[in-house]
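Take a look at the structure below.
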Amino acid sequence: MEAIQSLRGMVDLLPVQTPLWQRIEATAREHFRRAAIGEIRTPLLEATELFARGIGEATDVVGKEMYTFLDRGDRSCTLRPEGTASVVRAAIEHGLLAQGPQRLWYGGPMFRYERPQKGRQRQFHQIGVELLGVADATSDAEAIAVAWDLLADLGVDGLELEINSLGTNDDRVRYRSELVAWLQAHHDQLDADSQQRIATNPLRVLDSKNPATQALLSGAPTLADALAGESHERFAQVRQALEELGIPFVLNPRLVRGLDYYGHTAFEITSSQLGAQATVCGGGRYDGLVEQLGGPPTAAVGWALGLERLVLLLSQAGTMASEAAVPDLYVISRGGAAERLALGLCRQGRQAGLVVERDPSGAAFGKQFKRADRSGALWAAVVGEEEAAEGAVVLKHLRDPQQQDRRLPSGAVLELLAKA
RNA sequence: GCGGGCGUCGCCAAGUGGUUAAGGCAGCGGCUUGUGGCGCCGCUAUACGGGGGUUCGAAUCCCCUCGCUCGCCCCA
């Protein structure tokens, strides 16, 4: 029989890795709790229309990366490629926005049909924050601060916060036509990719990794110059707030972001240690999205953080704590009655809050002791036929050879351990 | 979708045309029918991703295919 493998880009997390994930998740939860941000859980599967309308038909995510299929009722369904659209949909659907601003976080798997590489999988995991109904510039800084402090608390270093302002929709429309005109005038000097993008997504040309194109671009009109006075003012407020919080950032006028819903503040937190996929956390303001999805006009900011990339950073830094659960007690037994007695002892120990591992092998005691030793447990409880006959257990200290073995009634074992 | 690299036992890893494909770790059994951490011995019945081809002979060369990986694109 041929073995079946997981689907490409779908990754298993084994017990040696999950402790780190749990630590990250627990830390994140604590940060959200302190920031009075409530958890929301939405379905992994949504109507395709939600993402098409929310993220933008022309984006790569929607255009070529979605897991989309028809269900048995011929409805077009899509495995969520990101979290924001679903959160906004749920907020609208349940009338949350009528109750005032919403501070929400979410976490879980996202799906994008892409070629896997370092820091990129087809099923990957994000945690994200969405602050709905907040228009002020300080909220942008607050959202960023929550992400920044979480990463710092986890012990990730070498991070860089990049920010930019995309201005209002009008700003971008105006800038786009300026830029397109300029790009067309310099068409012949651009690389092939960038020439393509003049028609599809001209702002992305700014992000080109082609060195020649980058050099050329120094003469291009900038988005910053195209921003209206109010947009400028707003961006200055965000920067001032960050400065006063002591969060270092660099301005990146080329930072554009690939989802259509962003406007005004856009930011990314990146690390140079991640290879080509350097962004650990990305987000920004999306004041138009709620309305776009059929809700009331609502200002909002949010971000999403990629857990795989975070794990990559924490593992590289050697921060990985091997938290394999070391048993308090390792129970050894041999023979039918003895094994049943041992099982009961294990259960009692667990009910009392001890970490108890049972050796189910029924192998020679020598073997079982070897495993008991390797488990790292402090104590071993031994139940053999003799002990089983009289309801007793031999308790042996595995680390201190001075301590003598003691034979005692099985009921007394836990009391003794509780004291020890 | 497009490039580059790589695929030898559960894991790591020698071996680049020639008798039975090293070794280490883990696992299992034994030395030691009921007492561990060391050591020694043995085992894991056809392990060279798969399929073709070249050759007297292939893990080693060629072709195809699958998978992994890094990068492009894009993003978390």
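To convert, count from 1 in the first sequence and add 11; that's my numbering. The C-beta atom is built at its ideal place from N, Cα and C for all residues, glycine as well. None of the values given here were measured: they were computed from a predicted structure.
Ranked by Cα distance from residue 44, the options 283, 161 and 68 are led by 161.
In the three-state scheme derived from DSSP, where H, G and I count as helix and E and B as strand, residue 214 is classed as helix. For residue 186, the enclosing alpha helix (DSSP H) starts and ends at 180–196. Taking C-alpha positions only, residue 68 is separated from residue 267 by approximately 17 Å. Apart from the 5 residues on each side of it in sequence, residue 181 sits with its Cβ closer than 8 Å to the Cβ of 239 in its chain, given in chain order. Bridge pairing for residue 261: 173 [DSSP].
Judged by DSSP in its simplified three-state form, residue 414 adopts coil rather than helix or strand. In the same chain as residue 142, and ignoring 5 residues on each side of it, the C-beta atoms closer than 6 Å to its own belong to 114, 150, 154 and 312, in chain order. In the same chain as residue 323, and ignoring 5 residues on each side of it, the C-beta atoms closer than 7 Å to its own belong to 130 and 285, in chain order. The criterion of a C-beta distance shorter than 8 Å is not satisfied by residue 30 and residue 175.
Non-local C-beta neighbours of residue 228 in its own chain, meaning closer than 7 Å and more than five positions away in sequence, comprise 217, ordered along the chain. Nearest neighbour of residue 82 by Cα position, chosen from 128, 360 and 57, turns out to be 57.
For a cut-off of 8 Å, the C-beta gap from residue 350 to residue 377 is around 17 Å, too long to register as a contact. Around the beta carbon of residue 352, 16 or more other beta carbons sit within 10 angstroms, so the residue counts as buried. Closest by C-alpha distance to residue 400, out of 416, 410, 420 and 388, is 420. Of all C-beta pairs linking the stretch 286–294 to the stretch 250–257, fewer than three are shorter than 8 Å, placing the two stretches out of contact. Around residue 226, the same chain offers no residue with a beta carbon nearer than 8 Å, after the five sequence neighbours per side are excluded. Under DSSP, residue 138 forms a beta bridge with 118 and 316.
In chain order, 341, 343, 370, 391 and 409 place their CB closer than 8 Å to the CB of residue 383, counting only its own chain and leaving out the 5 sequence neighbours on each side.
Between the C-alpha atoms of residue 169 and residue 411 there is a straight-line separation of about 44 Å.
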